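Here's the structure we're looking at; comments come further down.
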Amino acid sequence: MKIRARGAGVARALAAVAYVAMISAIPAVAQEKPSLQELLGRAQSQSEKKAVEDLIEKLKPAPKQQPVVETAKPDAKPEAKVQEQQQVRETKPAVVEVEKTTAVSTPAASGADAKAEGKAASARDETPAVDQKAAVATDKPTAPVEAVSKSEPEPAAKATPVPVEVAVERAERKQLPSIDLEVLFEFNSARMTPAAVEALTPLGRALSDERLADGQFLIAGHTDGKGNATYNLELSQRRADAVREFLMENFKIDGSRLVAKGFGETRLKNPQQRRAAENRRVQVVNVTSAAAAR
């Protein structure tokens, strides 16, 4: 009996030890952070899809307004135009005949007056020939109105990227589509944290969408007003470059579409509170929105 009791006690002790070990292991597993590949490879949830759609809407260029083209109004009555041409042909020779008879009926002048009158008469004699040619030409059918403007319109010029300094100013005035993202980096470093990856993943998917596939974007790095201004400028450039590299490597975005520029503390979002967290941000601006840039 004692042996059985001891065996049962040992079994209970071993079970308790196993239970404690299992419980202590659960927090360790729960605290493991998902890897980059797991974050990028997992299926999009409804909230993530909505975040991507919101980014696309905010970064889409404003719709271009089509210029109003005034077209020439066609003649209301083509028959009236033909009658007008006939009247012109009939009127011109009559005027010439009157001038001829006037020239014959006038007495001949002598000297310089006679020479001047002779030149005028010869000029009048030549005018009927010209008028007759014009009259013959008018007998031919007139070309349609569309033939006058047959040349094809020149293609619209492609939108050119706005300079980065100008782009940031226009984005602040809501003249260019832009967004501000809180991208967390390690302290005093350009290495992104897992939270930064989660913030940039919807951006990468948005820039890969066909609705933004033709755009070029400025990735502007900003810091707060704490510390040395020169160092902040250099740090913001490294962080902007890190975001650009992340988007290129993980979402296969062409590098020619992304321009990284660090502004340091020169463009504080909240200048009244230079150390505010909202000043530490990554700004993305659509720099090919020509319609909104004006």
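In our numbering, the protein residues as written are 202 to 495.
Every residue, glycine too, gets a C-beta built ideally from N, C-alpha and C.
Since we're looking at a predicted model, the values are computed, not measured.
Thinking C-alpha only, which one of PRO262, HIS423, SER390 and LYS250 is nearest PRO496?
Residue numbering for the chain in the displayed model covers 202 to 495; residue 496 lies beyond these limits and cannot be assessed.
Just curious, the alpha helix (DSSP H) that ALA478 is in, first and last residue?
Counting along the chain, ALA478 falls outside any alpha helix (DSSP H), and DSSP gives it neither H nor E.
Taking three-plus beta-carbon pairs below 8 Å as touching, is the stretch 413–431 in contact with the stretch 472–490?
Contact holds: three or more Cβ-Cβ distances are below 8 Å.
Excluding sequence positions up to five away, which residues of its chain have a Cβ less than 6 Å from the Cβ of ARG406?
Hits under 6 Å: VAL253.
Give a yes or no on contact between the stretch 394–409 and the stretch 429–437, applying the rule of three or more CB pairs nearer than 8 Å.
The stretch 394–409 vs the stretch 429–437: no contact.
For LYS462, is the classification buried or exposed, using 16 other Cβ atoms within 10 angstroms of its Cβ as the cut-off for buried?
The residue is buried, with at least 16 neighbouring Cβ atoms inside 10 Å.
Between SER457, MET393 and PRO378, which lies nearest to LEU385 when the distance is taken from Cα to Cα?
Among SER457, MET393 and PRO378, the Cα nearest to that of LEU385 belongs to MET393.
What are the boundary residues of the beta strand (DSSP E) that VAL398 is part of?
No beta strand (DSSP E) holds VAL398; the alpha helix (DSSP H) holding it covers 395–409.
Taking all protein chains shown into account, decide if GLY456 is buried (16 or more other Cβ within 10 angstroms of its Cβ) or exposed.
The residue is exposed, with fewer than 16 neighbouring Cβ atoms inside 10 Å.
If you compare alpha carbons, which of ARG412, GLN247, ARG475 and GLU446 is closest to PHE263?
The residue asked about is misnamed: residue 263 is Ala in this sequence, not Phe. Considering only alpha carbons, the answer is ARG412.
Are the beta-carbon atoms belonging to PRO378 and ALA372 less than 9 Å from one another?
Yes.
Which one of ARG481, ARG458 and ASP255 has the shortest CA to CA distance from PHE388?
The candidate whose alpha carbon is nearest that of PHE388 is ARG481.
On the CB-based measure, 16 or more other CB atoms within 10 Å of its CB, does ASP255 come out buried or exposed?
Answer is exposed; the Cβ neighbour count stays below 16.
On the DSSP letters alone, give me the boundaries of the alpha helix (DSSP H) that ALA250 sits inside.
Note on residue identity: the sequence assigns Lys, not Ala, to residue 250. Its alpha helix (DSSP H) spans residues 247–260.
What are the start and end residues of the alpha helix (DSSP H) that includes PHE388?
Careful: PHE388 lies outside any alpha helix (DSSP H) and carries neither H nor E.
Leaving out the 5 sequence neighbours to the left and right, which residues in its chain are closer than 7 Å to GLU479 when beta-carbon positions are compared?
The answer, listed in chain order, is LYS470 and ASN471.
Thinking C-alpha only, which one of SER248, GLU366 and ALA400 is nearest VAL444?
Per the Cα distances, ALA400.
Give me the DSSP bridge partner(s) of ASN487.
BP columns for ASN487 point to PHE418.
Out of PRO395, ARG475, LYS259 and ARG439, point me to the one whose CA is closest to ALA375's CA.
One detail in the question is off: residue 375 reads as Lys in this sequence, not Ala. The shortest C-alpha separation from LYS375 is found at LYS259.
How many whole angstroms separate the CB atoms of ALA391 and ARG440, which I take to be in contact at a CB cut-off of 8 Å?
Confirmed, Cβ separation roughly 5 Å.
Where ASN451 and GLU383 are concerned, what is the direct C-alpha to C-alpha distance, given to the nearest angstrom?
C-alpha separation (whole angstroms): 19 Å.
Classify LEU436 as helix, strand or coil using the three-state DSSP reduction.
Helix.
Tell me which residue opens and which closes the alpha helix (DSSP H) that VAL365 is part of.
Start and end: 365–373.
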